[in-house]
Each structure stands twice: as structure tokens, then as C-alpha cells.
Amino acid sequence: MNMTFNGVTIIFNVADIERTRAFYRDHLGIAFERYDEEDGSAYLMTKIGQEVDLMVFKGDPKPGNTPNVVFGLADGGIDTVIERLAAAGVEIVTPVSEAPGGWFADFRDPDGQIVSFYQAGEMPRALT
1 MNMTFNGVTI IFNVADIERT RAFYRDHLGI AFERYDEEDG SAYLMTKIGQ EVDLMVFKGD
61 PKPGNTPNVV FGLADGGIDT VIERLAAAGV EIVTPVSEAP GGWFADFRDP DGQIVSFYQA
121 GEMPRALT
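Residue 1 is where the sequence shown starts when you use UniProt numbering, and the numbers rise one by one after that.
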């Protein structure tokens with residue numbers, strides 16, 4: 001199965017997104033943009049280079065829960081990719097679910113690390 005990726009997103013779960021925003025701005029010179037969702041939640045996002053995005057969400061910051069590595073599927077097909085992984089015996093942690101602007105799914109690599117896929121909502125979810 002050949003896949004084309006359109007970047008990697010590293011997601012940090014933190015106790016306080018504004019405290020994290022100030023830390024990265026003041027100490028590393030990284031400027032995050034804040035996005036407020038209709039449900040009252042918010043997240044921060046910035047781009048590092050051309051292909052790596054950093055995102056910050058309020059969540060459980062314990063080691064093992066963060067950071068998360070997310071591979072962007074350039075051509076879509078997230079349903080097909082996850083079905084193939086499951087058929088190969090890979091543990092699917094989170095089935096294909098809605099995410100801001102698209103779809104995501106989580107699975108475990110051979111060492112038990114959680115890895116994710118994301119695809120934009122306008123891309124086809126299944127590939128032939």
C-alpha cells in the first residue's frame with residue numbers, strides 16, 4: 001500500500017493553552033495562532049518549516065498522552081487505510097472520527113506508541 005503524506009502534525013496536550021502559548025513565544029520565539037471552536041473549546045496552531053505543524057489542545061499532559069504524531073494523508077482514503085491496517089492485525093485505538101476540518105484515526109505501532117492519520121474533509125474517505 002503506497003500512501004502520499006502531506007506533512008506531519010505534532011500535537012501536545014497541555015493543562016493551560018495560554019500558558020503554553022506564552023512559554024513557546026517568550027522562550028523559543030514560536031508564535032501560535034489561537035482558534036476558538038463553536039463548542040467553546042480552543043486550540044493553538046503554528047507551522048515549523050514547510051511540512052510540520054504544531055498544535056496545542058487542552059488535555060491530559062501526562063507523558064504517554066502527549067505528544068501525538070499525526071501523518072496527513074494527501075490523497076484521502078482514511079477509511080481504506082484503517083481497514084487495511086485492521087486486516088493486518090494492527091490495533092486500531094480510535095476508529096475514523098470527525099476532527100476539525102476533516103477526519104482522523106489512531107492506531108498503535110509495534111512498540112505500542114499511538115500514531116494518527118488525518119485527512120481533509122473534502123478528500124475521499126475511501127480509495128479503490
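We put the beta carbon where it would ideally sit given N, CA and C, even for glycine. Quantities reported herein were computed from a predicted structural model and do not represent experimental measurements.
Could you spell out where the beta strand (DSSP E) holding residue i opens and where it closes?
i      : result
Thr9   : 5-14
Glu98  : 92-99
Ala120 : 114-120
Ala105 : 102-108
Asp36  : 33-36
Asp53  : 52-58
Leu44  : 42-48
When the Cα atoms are used, what is the spatial distance from residue i to residue j?
i      : j      : result
Tyr24  : Thr128 : 43 Å
Asp60  : Ser97  : 20 Å
Ile82  : Ile30  : 34 Å
Ala42  : Asn13  : 12 Å
Ile11  : Pro95  : 18 Å
Ala87  : Thr46  : 35 Å
Asp109 : Ala22  : 33 Å
Ile17  : Asp26  : 14 Å
Tyr35  : Thr66  : 20 Å
Lys62  : Ala15  : 10 Å
From the options, pick the residue whose C-alpha is nearest to that of residue i; which is it?
i      : options                      : result
Asn68  : Asp16, Met3, Phe104          : Phe104
Leu28  : Thr66, Thr20, Asp39          : Thr20
Gly101 : Gln50, Lys62, Glu33, Tyr118  : Tyr118
Thr4   : Gly112, Arg84, Gly72, Gln113 : Gly72
Gly49  : Asp39, Thr9, Asp106          : Thr9
Asn2   : Glu38, Thr80, Asp53          : Thr80
Ala126 : Lys58, Val56, Met55, Arg84   : Arg84
Starting from residue i and walking both ways along the alpha helix (DSSP H), at which residues does that stretch end?
i     : result
Thr20 : 17-28
What distance in whole Å lies between the Cβ atoms of residue j and residue i, which are believed to be in contact at a cut-off of 8 Å?
i     : j    : result
Asp39 : Gly7 : Not quite, the Cβ-Cβ distance comes to about 26 Å (not below 8 Å), so this is no contact.
For the region 74-91 against the region 115-126, are there 3 or more C-beta pairs whose distance is under 8 Å? yes
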